[in-house]
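Student: I have a structure here, written as structure tokens, and I will follow up with some questions on it.
Residue numbers (the working numbering), protein chains in the order written: chain V, 1 to 647; chain B, 648 to 809.
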């Protein structure tokens, strides 16, 4: 069978199940007795086994199969959960992840799985002697919920009794679904079906092995029904037993219900190729541009009817754009979910005790941002675990709880999403940072003396900077924080450090919700129009020419009692015909870049406008001072200013 | 006999355009389209000097190179004959601003000769050769080099370095 067209679907599913496995294993480690978690793990492994076998990925099928063996013994209590088993299962999941990646590259054969498979098999062999037949029977048991019990009790009288019919199909039965249908029809003829295991739906879908149990309320003699069923083709065996309604086998746990509920909630989604969404996004972007064109034509024609339509179209277009943007939004959970495992492994390796608290996982970000932000976060968390949190003994000596805490939080703030990573570890040693920065020649002594503490901490983002005196396997190779900073910058975000030595540190990453559309302020400079991203605008002020003072080579002005530098945008952008030198009253856009404020003088302010960011293309590459371009309502191109390069 | 030979011979289709009085040719396979310049070009600060700016080509931002500036020829204001030849170089779209587009011409590959050091005021480094057609001399552009952001001299040095 040619399965290549299903590969991407398989890979998606695979990733999802691997995530479930990882997550559930972590939960299981904390709560080994919880059988609903175990069930979840089992289901994920089972589905993976089926899917990989169908796709012909034998190694993955093999590995999941062995996992399943261990898991099913755990479920049937033939094995008890031990840390070794959990660790081996984790190893198996890791290997599955590697396998999945290799399958993506089309090289499943490169991976050796026998080691882990053997380790898993050891558990099943050394467990209690296996009795496969009985084990299977053990798996199928009909149990009732409290509510069902009441119903049954109400229905039963002297004539009507409750029977469990156990039906076994012939091994070579081909049309199981049809046979089941016939069996059920026979039963319905003579009695009422109360419940079955597996559920009726699963039975119809042929989701069962060879045996199923149906609970029947009937007044007719059960022997007659058993005979009827046994007469159906491909039925190997029919047994029944009368159940004492006062002694109904009851469902032990109510948790099953919650699991089902959860499945229901997540079930209503559609998987869409991200490229399709990109195409949609581009089309909507075009529409937004033409809407603006329509508006400007409308304002010239001054027709009431036209205005009305234009307004409607405008509103619809914006709604459409927002909807499309929302479909591209992914909860940051998808990135966060890999961190519990990361922290668990690292802290074990380093002999630390760490609790990871994750909040705000439901916060949504554009898919493109989500894809990019994972690695930087991994870096930061590794750093926090390795350098931030102290070993338990050291923490106790410092009067802190043995267990360190890393708090990962995400929340929306205006058009930004903030991701905060906080730890209660040792924090940054500012003196050490200073010493290192001087030694590396990143700053002069004089400059250092004038810097505030947070500015000094930002030096750690410089390439090659690492305060760790000892290089460990985990982090501290001096690549890292600068990579993080570069990545965040390239996403149009900002990163800040706060730290109190001895008490911990807080890293805040501020990211735009989406990379595709930004809110801007359009400004005029000579004959040219530029867009300034609103995210950087602190406020807009009006100044008289004489309020701008010259201090050495820098123009400055007073803003709320503070001196801020003033730049004339035309000097940066080489605009030939700017007129703001001749104006009495100046429009100044005050920008916030990091912690600094900078005043930008323009000729005039035009309007606020949401624009679609377009790249200048590969030919020009990155042009200093320009973040991109956008197409205005009249079809002209306006450039978007790269504030960080300009101010 | 002669007719047969001509059929076998490899030919090339060229777009012929003018800079001043001189005729230049560019391989038609590299040309995406030819546009009239009926919109303002948006200047891009800090871009190379020969990049006139960018235009909106049906929603795509395309940089425009002024070939006169690129080849160090005297400048000429944009007129009614001015055209932008949109070409594809290394997967990127670039518009070449030229004085006029003349026609499409099929030439025999054998008619192409190496270009002299300086052909019609253009450094040979930017050229693929010259072709004699009838009595005219058509200068064939090497787009990769002609549109590269590097200067001819630097490029040549880089090549020699290899």
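Just so it is clear, CB atoms sit at the ideal spot from N, CA and C, and this is done for glycine as well.
From a predicted model like this one, the values you see are computed outputs, not experimental measurements.
Going by alpha carbons, who is nearest to residue 198 of chain V out of V:209, V:8, V:315, V:26?
Tutor: Looking at the Cα atoms, V:209 is the closest of the given residues.
Student: Kindly provide the ranges of any alpha helix (DSSP H) runs that are 4 or more residues long and lie completely inside the region 205 to 257 of chain V, ordered along the chain.
Tutor: Qualifying alpha helix (DSSP H) stretches, in chain order: 222 to 230.
Student: Where does residue 6 of chain V sit, in a helix, a strand or coil, going by DSSP?
Tutor: Here residue 6 of chain V sits in helix by DSSP.
Student: Tell me whether the beta-carbon of residue 639 of chain V lies closer than 9 Å to the beta-carbon of residue 517 of chain V.
Tutor: No.
Student: With DSSP collapsed to three states, give me the class of residue 807 of chain B.
Tutor: Reliability fails at residue 807 of chain B, whose pLDDT of 49 lies under 50, so the model's placement of it is uncertain and no value is given.
Student: Could you run through the region 628 to 645 of chain V and flag, in chain order, every residue whose CB is less than 8 Å away from some CB of chain B?
Tutor: From the region 628 to 645 of chain V, only 629, 631, 635, 636, 637, 638, 639 have a Cβ closer than 8 Å to chain B.
Student: For a contact defined as C-beta to C-beta under 9 Å, what are the partners of residue 574 of chain V on chain B?
Tutor: The contacting residues are 690, 692, 693.
Student: Using CA atoms only, rank isn't needed, just tell me which of V:354, V:180, V:456, V:148 is closest to residue 422 of chain V.
Tutor: If we check each option's Cα against that of residue 422 of chain V, V:354 comes out closest.
Student: How is residue 478 of chain V classed by DSSP in three states: helix, strand or coil?
Tutor: Below a pLDDT of 50, predicted positions are generally treated as unreliable, and residue 478 of chain V, at 43, falls in that range; the measurement from the model is reported next regardless. Coil.
Student: Nearest CA to the CA of residue 532 of chain V: which residue from V:609, V:541, V:511?
Tutor: Of the candidates V:609, V:541, V:511, the one whose C-alpha sits nearest the C-alpha of residue 532 of chain V is V:609.
Student: With DSSP run on the structure shown, which of helix, strand or coil describes residue 443 of chain V?
Tutor: Coil at residue 443 of chain V, not helix or strand.
Student: If you drop the 5 nearest sequence neighbours on each side, which residues of the same chain put their C-beta closer than 8 Å to that of residue 12 of chain V?
Tutor: Around residue 12 of chain V: 271.
Student: Given a cut-off of 9 Å, decide if residue 510 of chain V and residue 417 of chain V are closer than it, judged by their beta-carbon atoms.
Tutor: Yes, Cβ-Cβ distance for residue 417 of chain V and residue 510 of chain V is below 9 Å.
Student: Residues of chain V with a CB under 9 Å from the CB of residue 738 of chain B: which are they?
Tutor: Per Cβ cutoff of 9 Å: 618.
Student: In whole angstroms, what is the alpha-carbon distance linking residue 426 of chain V and residue 346 of chain V?
Tutor: In a straight line, the C-alpha of residue 426 of chain V is about 17 Å away from that of residue 346 of chain V.
Student: Return the residue from the list V:623, V:183, V:611 that minimises the CA-CA distance to residue 698 of chain B.
Tutor: Closest by alpha carbon: V:623.
Student: May I ask you to list the residues that DSSP assigns as paired with residue 658 of chain B?
Tutor: B:755.
Student: Let me see if you follow: with CB-CB separation under 9 Å, is residue 650 of chain B close to chain V or not?
Tutor: Residue placement at residue 650 of chain B is flagged as unreliable, the pLDDT there being 49, under the threshold of 50; the coordinate-derived value follows with that caveat. By this cut-off, residue 650 of chain B is not an interface position.
Student: In angstroms with no decimal places, state the Cα-to-Cα distance between residue 229 of chain V and residue 41 of chain V.
Tutor: Rounded to the nearest angstrom, the two C-alpha atoms are 36 Å apart.
Student: Compute the Euclidean distance between the alpha carbons of residue 689 of chain B and residue 743 of chain B, then round it to the nearest angstrom.
Tutor: The alpha-carbon atoms of residue 689 of chain B and residue 743 of chain B are separated by roughly 15 Å.
Student: Is there at least one Cβ from chain V nearer than 9 Å to residue 708 of chain B's Cβ?
Tutor: Yes, contact with chain V.
Student: When every heavy atom of the ligand FMN is checked, does at least one fall within less than 8 Å of the C-beta of residue 174 of chain V?
Tutor: Among the ligands in the structure shown, none appear at all, so the ligand FMN cannot be discussed.
Student: For a contact defined as C-beta to C-beta under 9 Å, what are the partners of residue 626 of chain V on chain B?
Tutor: Neighbours of residue 626 of chain V on chain B, chain order: 691, 692, 693, 694.
Student: When you compare the region 271 to 287 of chain V with the region 497 to 512 of chain V, are there three or more beta-carbon pairs, one atom per stretch, that lie closer than 8 Å?
Tutor: The answer is no - the region 497 to 512 of chain V does not touch the region 271 to 287 of chain V, with fewer than three Cβ pairs under 8 Å.
Student: According to DSSP, simplified to helix, strand and coil, what is residue 404 of chain V?
Tutor: Strand.
Student: Helix, strand or coil for residue 261 of chain V per DSSP?
Tutor: Confidence is the limiting factor: at residue 261 of chain V the pLDDT is only 43, short of 50, which leaves the residue's position unreliable, though a coordinate-based value still follows. DSSP places residue 261 of chain V in helix when its eight states are reduced to three.
Student: For the 8 Å Cβ check, are there 3 or more pairs between the region 672 to 685 of chain B and the region 726 to 746 of chain B?
Tutor: Contact between the region 672 to 685 of chain B and the region 726 to 746 of chain B is present, because at least three Cβ pairs lie under 8 Å.
Student: So with Cβ pairs under 9 Å, would you call residue 579 of chain V a contact of chain B?
Tutor: Answer no: the Cβ-Cβ gap between residue 579 of chain V and chain B never drops below 9 Å.
Student: For residue 42 of chain V, does the three-state DSSP call read helix, strand or coil?
Tutor: Residue state, collapsed to three classes: helix.
Student: Using 10 angstroms around the beta-carbon of residue 366 of chain V, count the other beta-carbons present and answer buried if the total reaches 16, otherwise exposed.
Tutor: Buried, by the Cβ-count rule.
Student: Are the C-beta of residue 686 of chain B and some C-beta of chain V separated by less than 9 Å?
Tutor: Cβ-Cβ to chain V under 9 Å: yes for residue 686 of chain B.
Student: I need the DSSP call for residue 691 of chain B, collapsed to helix, strand or coil.
Tutor: Looking at residue 691 of chain B - three-state DSSP - the assignment turns out to be coil, as it is neither helix nor strand.
Student: Which residues mark the beginning and the end of the beta strand (DSSP E) in which residue 366 of chain V is found?
Tutor: Its beta strand (DSSP E) spans residues 364 to 366.
Student: In whole angstroms, what separates the C-alpha of residue 97 of chain V from that of residue 46 of chain V?
Tutor: If you take the alpha carbons of residue 97 of chain V and residue 46 of chain V, they lie about 16 Å apart.
Student: Taking all protein chains shown into account, decide if residue 657 of chain B is buried (16 or more other Cβ within 10 angstroms of its Cβ) or exposed.
Tutor: Flag for residue 657 of chain B reads exposed.
Student: Short of 9 Å Cβ to Cβ, which residues in the region 522 to 548 of chain V face chain B?
Tutor: If the cut-off is 9 Å between Cβ atoms, the region 522 to 548 of chain V has 527, 528, 529 near chain B.
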